[in-house]
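Notes follow the structure.
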Amino acid sequence: MKLKIVILLFTFSIIKIFATAQAPDRIIINDKEYSLLNNPLEKYFKDHPEYHPVYGPHLAMFKRYRTEAIPLPFSTGNYRGYIATFKLENNNLVLADLEIQNINSTKRNYISVYKQLFKNKKVVLNYSGVLVIPDGKLVEFSNFSYSSLYDRYKLITIKNDTVVKEKALDKDEFIKFKLNQFEEYKKTDTYKTALKEFIRDWENDKKTELSENNTKKMSKKEIEALQKEYAQPPSEDYMDMFFLMSKKLDFVIVDY
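Mapping of the sequence shown onto mature numbering (1 follows the signal peptide of the UniProt record, and there is no 0): residues -23 to -1, 1 to 233, in sequence order.
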């Protein structure tokens, strides 16, 4: 376990050069607002795509982007295109607000679209997972999704929208939780599918990168370097490290 913790800390230190840190959702607990390092609405939108603020049919400002092959003008710091605010009320997780970037404004300010989407309807999330809430000082910034490291966390386990457990963890306890959660994830069919998809994507990249069309203007030295890069497929350890830092595993409920 100690070796795994060292590896994870090392990964936190190097992963910050990749991708882009994401604007988090929010959660209100006892009238205090926190950042939320999960996105509970993602599963809801998968089950109810008609309510997605960007890809659903309700908001006119996105109609053009749903019908034409043009990129959405969102910041790379929020690929979701929205920020959700949740609350804990009577021991239940509820959706309090939903905001999107106003793409009709040059300032790209966030505006609430909750009433436009849901009107007076109570949103039943049917969410089960472990919510991760930073509750301390930032000790290691990462530019990769939600991979920054804090010295304190609140963890809250939700089952079907109801709180069943919550606990404060320090940094080392949180890292142990993440490793235990990942070990459980590796037992799932979802993990096996992710491995296959990663290898498939790697093989497709290899085919494209080493194609005659891509290498025809390269020097012999450049081609040899590219061939060396793709000489061996990624190891399972490499893929595990990537998944550990990039996958949203809140659905994997483990004790802590």
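Ideal Cβ placement from N, Cα and C applies to all residues, glycine included. Nothing here was measured: the structure is a model prediction, and the numbers come from that model.
- If you look at leucine 65, you'll find it isn't in any alpha helix (DSSP H); it sits in the beta strand (DSSP E) that goes 59 to 66.
- If you ignore the 5 residues before and after isoleucine 176, its C-beta comes within less than 7 Å of the C-beta of Pro210, all in its own chain and listed in chain order.
- In the DSSP assignment, the residues bridged to glutamate 117 are Leu126.
- For threonine 185, the secondary structure class from DSSP, reduced to helix, strand or coil, is helix.
- Under the three-state reduction of DSSP, proline 210 is assigned to coil, being neither helix nor strand.
- Shown here, arginine 3 sits in a strand according to DSSP, grouped into three states.
- Note: glycine 106 is bridge-paired with Ile135 in the DSSP secondary-structure output.
- Counting C-beta atoms within 10 angstroms of its own C-beta, threonine 134 has 16 or more neighbours from the protein chains shown and is therefore classed as buried.
- In this structure, the CA atom of tyrosine 42 is about 11 Å from the CA atom of leucine 36.
- Judged by pairs of C-beta atoms under 8 Å, the stretch 134 to 152 touches the stretch 103 to 115, as three or more such pairs exist.
- If you draw a 10 Å sphere on the C-beta of lysine 155, you find 16 or more other C-beta atoms in it, and that means buried.
- Here the stretch 68 to 80 does not lie against the stretch 199 to 207, with fewer than 3 beta-carbon pairs under 8 Å apart.
- With a 10 Å radius around the Cβ and a threshold of 16 neighbouring Cβ atoms, asparagine 68 comes out exposed.
- Of the residues assessed, aspartate 2 falls on the buried side of the cut-off, its CB having 16 or more other CB atoms within 10 angstroms.
- CA-to-CA, the gap between glutamate 19 and serine 196 works out to about 45 Å.
- According to the DSSP secondary-structure assignment, glutamine 78 is paired through a beta bridge with Tyr87.
- Boundaries of the beta strand (DSSP E) around tyrosine 11: 9 to 13.
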